[in-house]
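Residue numbers (my numbering), protein chains in the order written: chain A, -4 to 297; chain B, 6 to 88.
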């Protein structure tokens, strides 16, 4: 690992990914996408019998819901919002002039009602909240979304646009914490089947600034986040390929998701970083998927 | 110092109970202090006392009670006098 030719360059050379000129923004090859879709099937097999429904989200979410999420409090450095031209004919002429001159042309761009989704489960919560109080069984949703985080990097496992597949549990504290424990075990079982080296460790999100260091320390002390780490780009700092998160009743309160007794719902989610898991498989089993270990091929392709 | 801490806690703590009812060693998280409110409190304390909490004090324990906050602030101001 940490070879002379970077893993990213190897992926470009093998045409697994294609360079766009912007770090963290890559075209995917057919084989890369096939690995992801087979992994999704594999992951769904572990929870399909338990879920109450499934959803797929577009890569953008309503700005109002993005604001409610509190993302700007904690991660302003990672957020992306969609802006569009909202000017007149005159403004358009000015814009074209700026473009031709190589000047900043974005003055007339105005924020739209869309933010780029920063975490796959965020668009779910307002949908659930609108339905009124939860049934006693709560909700158990399988979902997938493209996400955006502004953190350009040469590490192929740190993309700016990537997909998360998640299972989200909404209900009582007991239901959500039991769900998270179950998935911590299942996640490790999945990695054993896929023959990927891994470890689970307590973690914290990359909260912004000095205040964020305190948020991070607090998150760790309360064991709200665990990550399943696999060496991908480096053995020294392995990559979080799954995360197991307990949000307490923070999202229940933020979006006003209520239990049958009127108290705020607790939420938990398990997230699978789809690109990261695909990269882990290529890293450990090679660029030729036909030559992957038979157990891995059987798990993914049947 | 304690009076200022109590005043800032009233302002930034977002506690469902009156700060007057809390003992100096009472657990603030049990009293309803959220992680986010504890950060707001930390920033307000820094401004009021003109200090900066060092890395090793940026944790839940430092803000777990009025007495703990007072001890953390004393540690910072003592260090400053030595330096």
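Think of the CB as a built atom: it goes at the ideal place given N, C-alpha and C, for glycine as much as any other residue.
Contacts of residue i in chain A (Cβ-Cβ under 7 Å)
i                     : result
residue 44 of chain B : 206, 209, 210
residue 48 of chain B : 206
Cβ neighbours of residue i in the same chain (closer than 7 Å, five flanking residues each side left out)
i                      : result
residue 19 of chain B  : 39, 42
residue 274 of chain A : 151, 152, 227
residue 27 of chain A  : 11, 12, 273
residue 170 of chain A : 133, 164
residue 294 of chain A : 37, 188, 189
residue 94 of chain A  : 100
residue 34 of chain A  : 269, 272, 273, 295
Beta-carbon contacts of residue i that lie in its chain and below 8 Å, excluding the five residues immediately before and after
i                      : result
residue 196 of chain A : 221, 222, 224
residue 117 of chain A : 56, 60, 61, 64, 66
residue 32 of chain B  : 69, 70
residue 7 of chain B   : 29, 71, 75
residue 51 of chain B  : 57, 58
Which of helix, strand or coil DSSP assigns to residue i
i                      : result
residue 115 of chain A : coil
residue 279 of chain A : helix
residue 33 of chain B  : coil
residue 255 of chain A : coil
residue 28 of chain A  : helix
residue 80 of chain A  : strand
residue 28 of chain B  : coil
residue 260 of chain A : coil
residue 53 of chain B  : helix
residue 41 of chain B  : helix
residue 289 of chain A : helix
residue 172 of chain A : helix
residue 239 of chain A : strand
residue 76 of chain B  : helix
residue 38 of chain A  : helix
residue 182 of chain A : helix
residue 234 of chain A : strand
Same chain, Cβ closer than 6 Å to residue i, five either side skipped, listed in chain order
i                      : result
residue 166 of chain A : 133
residue 17 of chain B  : 45, 46, 49
residue 242 of chain A : 262
residue 181 of chain A : 41
residue 30 of chain B  : 70, 72
residue 121 of chain A : 60, 250
residue 279 of chain A : 191
residue 31 of chain A  : 269, 273
residue 194 of chain A : 224
residue 98 of chain A  : none
residue 287 of chain A : 280
residue 258 of chain A : none
Per-residue contacts from residue i into chain B (C-beta, under 7 Å)
i                      : result
residue 216 of chain A : 64, 65
Under 8 Å from the C-beta of residue i: neighbouring residues of chain A
i                     : result
residue 38 of chain B : Simply none; closest approach about 11 Å.
residue 60 of chain B : 208
Chain-ordered neighbours of residue i on chain B, where CB pairs are closer than 8 Å
i                      : result
residue 213 of chain A : 40, 43, 64, 65
residue 68 of chain A  : 41
Validate contact between the stretch 141 to 154 of chain A and the stretch 243 to 254 of chain A using beta carbons, cut 8 Å, 3 pairs: no
Runs of beta strand (DSSP E) wholly within the stretch 187 to 218 of chain A (minimum 3 residues, chain order): Complete beta strand (DSSP E) runs here, min 3: 194 to 197.
Beta strand (DSSP E) runs contained entirely in the stretch 46 to 74 of chain A, provided each spans 3 or more residues: 48 to 52, 55 to 57
Start-end ranges of the alpha helix (DSSP H) lying completely within the stretch 89 to 166 of chain A, minimum 4 residues: 119 to 125
The stretch 175 to 194 of chain A / the stretch 106 to 116 of chain A touching (three or more Cβ pairs under 8 Å): no
Touching by the beta-carbon criterion (3+ pairs, under 8 Å), the stretch 18 to 34 of chain A and the stretch 155 to 170 of chain A: yes
Validate contact between the stretch 74 to 82 of chain A and the stretch 38 to 48 of chain A using beta carbons, cut 8 Å, 3 pairs: no
The stretch 61 to 68 of chain B in contact with the stretch 210 to 217 of chain A per 3-pair CB rule at 8 Å: yes
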